[in-house]
Structure formats: C-alpha cells, structure tokens
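*Asks:* Please see the structure below; I have some questions.
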Amino acid sequence: MRYILFALIILTAGVVFFPRLSQQLPPQYNPFTPLSVTDPPGLITQYKLRRLSKNPDACLAVLNRAQSDGFLSFQTVGDTSGQCPLTGAVRIRNFGKVSLSSSFLASCPLAVSTTMFVAQAAAPLADSLLGQKLVRLDHLGSFACRNVYHRAQGRLSEHATADALDLAGFKMSAGETIGVARGWKKEGKESSYLHQVFSEGCPFFGNIIGPDYNAAHANHFHLGMHWFGFCR
426 MRYILFALII
436 LTAGVVFFPR
446 LSQQLPPQYN
456 PFTPLSVTDP
466 PGLITQYKLR
476 RLSKNPDACL
486 AVLNRAQSDG
496 FLSFQTVGDT
506 SGQCPLTGAV
516 RIRNFGKVSL
526 SSSFLASCPL
536 AVSTTMFVAQ
546 AAAPLADSLL
556 GQKLVRLDHL
566 GSFACRNVYH
576 RAQGRLSEHA
586 TADALDLAGF
596 KMSAGETIGV
606 ARGWKKEGKE
616 SSYLHQVFSE
626 GCPFFGNIIG
636 PDYNAAHANH
646 FHLGMHWFGF
656 CR
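Letter by letter, the sequence shown follows residues 426 to 657 in our numbering.
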C-alpha cells in the first residue's frame with residue numbers, strides 16, 4: 426500500500442505543477458479519472474479499486490458503464506439486515522458472453538473486480554493459450570453468513586459480506602470444462618491456463634487463494650476483496 430501512496434504523491438505533485446499532465450496520462454496512471462473495467466492493472470488501478478469500497482455511488486457508476494458496454498449484466502438488490510447485513514450488493518447474471526453456473530450476490534467492489542478479472546484475464550487467456558472462447562464460469566457461491574472455515578468461533582469470512590467468490594471451473598467453447606480440482610496439478614495446457622489465470626487475476630483482488638495454499642481450497646480459487654496483494 427505504501428507504494429501506491431508514494432505513486433499518488435508523485436502524480437499529484439506532477440498534476441499540480443503541470444496541469445496538462447492529467448490530460449495526457451493513460452487511465453492506469455491517472456488517479457483523477459474514473460475507473461473503467463478496461464483499465465489495465467497497476468498501482469493506480471488497484472488504488473481506484475480499493476477506493477470504491479468507500480464510495481458506493483462511484484462503484485455503482487462503474488458497474489452501470491460496464492453494463493452499458495456489454496461487460497456484464499447485473500441488478501441491484503435491496504439492503505438486508507440480520508447477523509450478516511448487506512448494503513449496496515448486486516446480483517450478477519453474466520459477464521457479457523460468459524455465462525455463470527448460477528447468478529450470485531456480490532458487493533459492488535467484488536462485482537467490479539470480477540468483471541475486470543473476466544474481461545482482462547480469464548477470457549483473453551482462453552483465447553491466447555487454448556484457442557477457445559471462455560463461455561461459462563462455474564462457481565461454488567459468494568454470500569454465506571459464516572465465520573472463516575465454518576468455525577464456531579472467530580472472525581467472519583469475506584463471504585459474510587459478499588466480498589468473495591469461490592470459482593471452481595472454466596467452460597470452453599469446445600465443451601470442455603477446466604476444473605480447478607483436477608486441472609491445477611495436471612500437465613499441459615489446462616494447468617498452464619489455470620496457473621496463468623490465477624497469476625494475472627491477482628492485481629484485481631485483495632487476495633486470491635488457491636490449491637497451493639491449503640486443502641480447504643483444493644477445488645477452487647477464492648477471489649476476495651480484503652487485504653492487499655495476497656495471492657497464494
């Protein structure tokens with residue numbers, strides 16, 4: 426996080442002393458332009474993503490622009506109360522041409538990050554590494570009112586605030602589904618695809634946890650919004 430703050434200080438100083446600089450900077454280097462789901466990953470993009478959690482209106486504006494451009498389809502849902510209240514959550518129906526095994530609830534920041542992950546990592550890598558189109562994401566769920574690892578005591582899971590999605594597989598246009606459980610340690614293109622998707626997806630989330638972390642994640646990628654740059 427300190428690297429982001431340092432970069433922001435330098436860029437802010439540059440804009441103050443050279444006002445035209447803000448008009449010439451690419452969006453991934455310009456902290457003053459609104460986030461777009463097509464912005465390449467980088468320190469400033471990560472800063473903008475983290476800032477969305479404190480600005481619900483700006484976050485929803487990013488999603489609305491992305492929906493207008495065909496990157497996803499979603500609907501807002503009412504706020505809920507109880508042990509695990511949700512505020513400003515959305516239900517994701519699809520990511521453009523990439524369908525879902527089922528729709529899922531997501532906090533607005535998770536929805537933005539996952540849209541960027543699909544558009545900039547999962548879908549392009551299917552084309553470049555496998556010569557196929559990504560047509561569906563299979564997941565194990567997002568919102569669940571529970572503690573970490575279902576423990577009776579302890580801190581709430583990211584799933585309790587709809588800030589995490591458990592992704593289990595990627596269906597390709599030829600009909601094959603590349604599952605995390607079977608494909609992660611397999612030799613060949615399937616494993617390469619999964620490992621590269623995991624690696625390139627890291628900048629869009631606070632954390633990604635996979636099979637190499639522990640047995641609890643042997644069959645899925647946990648895509649979460651908490652922390653910063655934790656990818657194992």
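We put the CB at the ideal spot given by N, CA and C, even for glycine.
#1: Taking 8 angstroms as the threshold, find out whether the segment 569–585 comes into contact with the segment 618–627 through three or more Cβ pairs.
#2: List the DSSP bridge partners of S524.
#3: Would A536 and T463 qualify as a contact pair, given that the criterion is a beta-carbon distance under 8 angstroms?
#4: Would you call the segment 555–573 and the segment 513–526 touching, i.e. three or more CB-CB distances under 8 angstroms?
#5: Taking Cβ positions, are L555 and A547 nearer each other than 8 angstroms?
#6: Return the chain-ordered list of same chain residues with a C-beta closer than 6 angstroms to the C-beta of G495, the five sequence neighbours on each side being excluded.
#7: Whose C-beta lies closer than 7 angstroms to the C-beta of L497 among residues of the same chain, with five residues either side of it excluded?
#8: Short of 6 angstroms in beta carbon distance, which residues of its chain neighbour T470, apart from the five on each side in sequence? Order them along the chain.
#9: What does D591 pair with, by DSSP beta-bridge criteria?
#10: Put A585 into one of helix, strand or coil per three-state DSSP.
#11: Quick check: what's the CA-CA separation for S478 versus Q578?
#12: Going by alpha carbons, who is nearest to K473 out of Y574, L592 and F457?
#13: Going by C-alpha to C-alpha distance, which of D591, F629 and S598 sits closest to A606?
#14: Which residues bound the beta strand (DSSP E) around N519?
#15: On the premise that S493 lies in contact with L530, defined as a C-beta separation below 8 angstroms, what is that separation, rounded to the nearest angstrom?
#16: Can you pull the DSSP bridge partners for S698?
#17: Classify G594 as buried or exposed, calling it buried when 16 or more other Cβ atoms lie within 10 Å of its own Cβ.
#18: Leaving out five residues before and five after F442 in sequence, what residues of the same chain have Cβ atoms less than 8 angstroms from its Cβ?
#19: Which of helix, strand or coil does DSSP assign to T540?
*Replies:* The answer reads as follows:
#1: In short, these stretches do not touch, since the Cβ pair count stays below three.
#2: DSSP links S524 through a beta bridge to R561.
#3: In this structure, T463 does not lie closer than 8 angstroms to A536 by Cβ.
#4: Enough Cβ pairs lie closer than 8 angstroms, so yes.
#5: Their beta carbons are not under 8 angstroms apart, which means L555 does not touch A547 by this criterion.
#6: Cβ neighbours of G495 beyond the five flanking positions: G521.
#7: Excluding sequence neighbours, L497 sits near A491, I517, N519, F520, G521 and T540.
#8: Correct list, in chain order: Q453 and D464.
#9: In the DSSP output, where bridge partners are listed per residue, D591 has G566 and H647.
#10: Correct three-state label for A585: helix.
#11: Rounded to whole angstroms, S478 and Q578 show a C-alpha spacing of 26 angstroms.
#12: Comparing alpha-carbon positions, the option among Y574, L592 and F457 lying closest to K473 turns out to be F457.
#13: Nearest C-alpha to A606: D591.
#14: In the DSSP annotation of this structure, the continuous segment of the beta strand (DSSP E) that includes N519 starts and ends at V515 to N519.
#15: 22 angstroms between Cβ atoms; not a contact.
#16: Because residue 698 is not part of the residues shown, which for the chain are 426 to 657, the question remains open.
#17: G594 comes out buried.
#18: Per-residue confidence for F442 stands at a pLDDT of 49, beneath the threshold of 50, marking its modelled position as unreliable; the derived number appears in the next sentence. Contacts found: none.
#19: In the three-state reduction of the DSSP assignment, T540 falls in the helix class, which pools H, G and I.
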